[in-house]
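Engineer: In UniProt numbering, the protein residues as written are 1 to 55.
Each residue gets a CB set at the ideal place from its N, CA and C atoms; glycine is no exception.
Quantities reported herein were computed from a predicted structural model and do not represent experimental measurements.
Here you go, one structure.
Next comes the structure, spelled out in structure tokens:
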């Protein structure tokens with residue numbers, strides 16, 4: 001599984017946990033993890049966009 005696919009799978013699992021009803025502490029932790037995943041996805045995306053023309 002690629003890094004992007006792994007991150008997307010983790011994001012989906014966390015979103016499902018969030019929607020299933022969580023306590024305030026768990027919700028905060030899930031939102032923190034989701035923010036980290038979004039940052040990682042954005043970095044991978046910007047790296048992929050810069051790769052073809054740069055050397």
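Quick one: what's got a C-beta closer than 7 angstroms to residue 34's C-beta in the same chain, skipping five residues either side?
Structural biologist: Sequence index remark: in the chain shown, residue 34 carries index 34 (1-based). Contacts found: 11 and 14.
Engineer: CB residue 41 to CB residue 7, shorter than 8 angstroms?
Structural biologist: Within the chain shown, residue 41 is the residue found at index 41, counting from 1. Within the chain shown, residue 7 is the residue found at index 7, counting from 1. In this structure, residue 7 lies closer than 8 angstroms to residue 41 by Cβ.
Engineer: For residue 44 versus residue 3, is the C-beta spacing smaller than 8 angstroms?
Structural biologist: Taking the chain shown and counting its residues from 1, the one referred to as residue 44 is at position 44. Taking the chain shown and counting its residues from 1, the one referred to as residue 3 is at position 3. Cβ distance < 8 angstroms, so residue 44 and residue 3 count as in contact.
Engineer: Please report how far the alpha carbon of residue 48 lies from the alpha carbon of residue 5, in whole angstroms.
Structural biologist: For this step, residue 48 is matched to residue 48 along the chain shown. For this step, residue 5 is matched to residue 5 along the chain shown. Between residue 48 and residue 5, the C-alpha separation is close to 14 angstroms.
Engineer: I need the straight-line Cα distance from residue 46 to residue 36, nearest angstrom please.
Structural biologist: In the chain shown, the residue the question calls residue 46 occupies position 46. In the chain shown, the residue the question calls residue 36 occupies position 36. Computed Cα separation, rounded: 15 angstroms.
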